[in-house]
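Here is the structure we will look at.
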Amino acid sequence: SNLTLRMAKSLEEQHPVKVIGWAAKDSSGVLAPFNFSRRATGEKDVTFKVLYCGVCHSDLNSTRNFLTYPTHQVKNEWGNSNYPVIPGREIVGAVTEVGSKVQKFKVGDRVGVGCMVGSCHSCENCANGLENYCPKVILTYNGIYHDGAPTYGGYSNIMVCDKIFVISIPASLPLDARAPLLCAGITTYSPLRHFGLDKPGMHVGVVGLGGLGHTAVKFAKAFGVKVTKPQNCLNSLFYGI
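Heads up, the sequence shown is in full-length UniProt numbering, so the first residue is 1 and it goes up one at a time.
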């Protein structure tokens with residue numbers, strides 16, 4: 001319709017940086033090329049070329065119809081998708097531009113962005129480095145940024161992000177393998193460390209060997225921890241809980 005064309009045109013011209021991504025335009029979950037725009041690099045922003053993006057369980061609907069666990073944005077099974085949705089929150093790439101107040105990163109650096117791209121910066125959680133608990137946290141995609149524009153994820157060729165939510169990736173780590181650590185990886189690494197389950201000789205159980213479970217096993221093994229997957233966990237194995 002003419003309205004749809006005008007909306008698409010608006011998204012493409014909303015900001016000066018022209019970007020192409022893969023978007024789901026409705027609850028069918030089908031991804032298609034989509035032209036849109038991102039803001040110019042602000043004084044505290046890092047702009048980078050996206051080289052790899054992990055496929056998180058929360059990004060795409062499974063190809064098997066019997067897997068209906070409600071963790072898929074593009075099919076709107078959470079009931080909060082705002083189309084078009086450009087998924088991707090395990091994003092890595094190379095810096096192409098930095099703002100005037102960015103000192104930690106420079107052009108050419110290898111960087112990554114995970115599940116968040118913004119927060120209020122003024123609440124107690126933000127002050128303590130716990131932006132993920134900020135009541136105004138802005139998700140990497142399917143959110144609304146400070147300027148009122150929708151946030152779009154890493155299934156695209158360019159990202160612009162507040163430096164606070166950008167991490168440096170050592171040259172010793174391959175970029176393609178690093179991407180999944182920005183969601184599935186940190187989701188399992190954090191509780192293992194937080195609860196002290198990272199000491200050689202300890203014994204932990206991991207329920208389910210999906211996207212999260214297999215990273216938990218790898219981290220635990222690296223910590224020197226003995227790992228057990230309980231039996232009779234067929235549903236958990238399917239869902240990757």
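Just so you know, even glycine gets a beta-carbon here, dropped at the ideal spot from N, CA and C.
Using three-state DSSP, classify residue i as helix, strand or coil.
i           : result
residue 246 : Given a span of 1 to 241 for the chain in the structure shown, any question on residue 246 remains unanswerable.
residue 163 : helix
residue 110 : strand
residue 48  : strand
residue 207 : coil
residue 216 : helix
residue 23  : strand
residue 138 : strand
Is residue i buried or exposed, if buried means 16 or more other CB atoms sit within 10 Å of its CB?
i           : result
residue 180 : buried
residue 121 : exposed
residue 195 : exposed
residue 173 : exposed
residue 124 : exposed
residue 144 : exposed
residue 66  : Confidence at residue 66 is low in this model, with a pLDDT of 31, below 50, so the placement of that residue should be treated as unreliable; the coordinate-derived value is given next. By the neighbour-count rule (16 or more Cβ atoms within 10 Å), residue 66 is not buried but exposed.
residue 151 : buried
Which residues mark the beginning and the end of the alpha helix (DSSP H) in which residue i is found?
i           : result
residue 201 : No alpha helix (DSSP H) holds residue 201; DSSP gives it neither H nor E.
residue 176 : 175-178
residue 127 : 124-127
What distance in whole Å lies between the Cβ atoms of residue j and residue i, which are believed to be in contact at a cut-off of 8 Å?
i           : j           : result
residue 183 : residue 90  : 5 Å
residue 146 : residue 118 : 6 Å
residue 142 : residue 85  : 6 Å
Between the options, which has its C-alpha nearest residue i's C-alpha?
i           : options               : result
residue 102 : 167, 25 and 82        : 167
residue 171 : 198, 92 and 130       : 92
residue 154 : 15, 209, 14 and 20    : 20
residue 13  : 147, 38 and 211       : 38
residue 112 : 159, 150, 224 and 206 : 159
residue 51  : 43, 96, 132 and 30    : 96
residue 157 : 34, 135 and 215       : 34
residue 56  : 30, 25, 47 and 88     : 88
residue 213 : 24, 187, 45 and 42    : 187
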